[in-house]
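The numbering of the sequence shown is this note's numbering, which starts it at 6 and goes up by one.
Don't be surprised by glycine CBs; every beta carbon is placed ideally from N, CA and C.
Below is one structure, written out as structure tokens; the observations come after it.
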Amino acid sequence: MGKRSTSSDDVKVVTSLIVTRDGVDIASVSEHISAQALSDVGSVRVDGLVDNNVVGEKGYISMTWTYPSVSQGGNYSCIVHGIDEAGHDVTFSSSVFVDIAEPSINDLVGYIHALQVENNKLKVNLSQQEEHINEQDQTIKQQDQTIKQQGQTITQQGQTIKQHETMIAERSHLEEGSFYCGSSPNWNDGNTVVYTPESGSRHFRYKDFPVRFSKPYTKTPRVSVEVQDGHWGADDFAWFRVDARAVGTQGFTLRCGINIDGNHRIDYLRVRWLAIPSA
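Have a look at this one:
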């Protein structure tokens, strides 16, 4: 059997990338496992990705040492594992030798000189900041005296503000809503007689619906109700009424009633209500 030749152009799927140093695994990344350090853990940052859905470069891996030492020197190899279009495993690798050089006397002198220059700049900056802080300290002491004098006034005003806030919250507590009463044939809680100067005594069949406020009132509010919409047929005559009953701090009872002195009917009745604080 002859030897099969493979080039990087034959790779259809990249499965993993592995970096070794002197034959020891340092980092890896694959299509199913995120980039990770296998050695130098805690001192190296590994970035990488394998994505076979893109056109062109299907993966990469990189490593960064913030504070490298002599132990990071050696022969590095990047090994790519993949699959060609025939389904065969293929491997490619590239190597580079990373040399670690000891710093020279000139390097150390230059580094120390740079540190001294930076240190002198920091000293000058620190001296200027100390002068500024002393000036601010005097200003703060003067302001502190003023703040202490204002403290008692603020405390008294705080109590007054709390009282006003409570009053404002009570007076601005408005709630409204819409309630579906449905069709009058289903109003069977009971019958009642309602008298008005205009129409005298009339009999109504009603149904009560409990309505609760989202937040209790400190005093019993005033509640008004009105018809939002409803439906009755062209040949029907609908005499109905809606009332707010048993109003309390927690809620009220919405009563929807239909006149039973004649053939009255209404459907899909919806009622809007509004609750405002009492005087």
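For residue i, report the span of its alpha helix (DSSP H) as first-last.
| i | result |
| --- | --- |
| L113 | I110 to R176 |
Report yes if the C-beta distance between residue i and residue j is below 8 angstroms; otherwise report no.
| i | j | result |
| --- | --- | --- |
| S100 | N124 | no |
| R246 | V199 | yes |
| L22 | G53 | yes |
| N196 | H178 | no |
| V228 | F257 | yes |
| D213 | D194 | yes |
| G78 | D104 | yes |
| T171 | Y222 | no |
| G87 | T20 | yes |
| C83 | S98 | yes |
| Q41 | V49 | no |
List the endpoints of the continuous beta strand (DSSP E) containing residue i.
| i | result |
| --- | --- |
| W278 | D272 to I281 |
| E107 | E107 -> no beta strand (DSSP E), and no H or E assigned at all. |
| L179 | Where L179 is concerned, there is no enclosing beta strand (DSSP E), given that its DSSP letter is neither H nor E. |
| A32 | V29 to S35 |
| E231 | R227 to H236 |
| V1 | Since the first residue of the chain shown is 6 and the last is 284, residue 1 is not available in this structure. |
| D89 | G79 to D89 |
| Y65 | G64 to W70 |
| G195 | G195 to T201 |
Which residue's Cα is closest to the Cα of residue i: the options?
| i | options | result |
| --- | --- | --- |
| L274 | Y72, G195 and C186 | C186 |
| S283 | K224, N268, I38 and R250 | K224 |
| D89 | D248, K17, Q155 and V34 | K17 |
| I38 | V55, L120, Q143 and V24 | V55 |
| S189 | S67, I265, T171 and V252 | I265 |
| N191 | Q147, R260 and I159 | R260 |
| E181 | V276, T71 and W70 | V276 |
| V85 | V75, K63 and T71 | K63 |
| S204 | W244, G238, W237 and F218 | W244 |
| V252 | W237, S206 and I281 | I281 |
| S35 | G47, V29, D27 and N57 | N57 |
| E175 | P226, H236, H118 and V95 | P226 |
Mapping DSSP to helix, strand and coil, what is residue i?
| i | result |
| --- | --- |
| R9 | Legend: pLDDT at R9 = 44, less than 50; position of this residue unreliable, value from coordinates given subsequently. Looking at R9 - three-state DSSP - the assignment turns out to be coil, as it is neither helix nor strand. |
| Q41 | strand |
| V16 | strand |
| P215 | strand |
| V46 | coil |
| S76 | helix |
| N268 | coil |
| S99 | strand |
| S204 | coil |
| S188 | coil |
| G92 | coil |
| L22 | strand |
Flag this pair as touching only if the segment 94–113 and the segment 125–133 have three or more C-beta atom pairs under 8 angstroms; answer yes or no. Flag = no, the segment 94–113 and the segment 125–133 do not touch.
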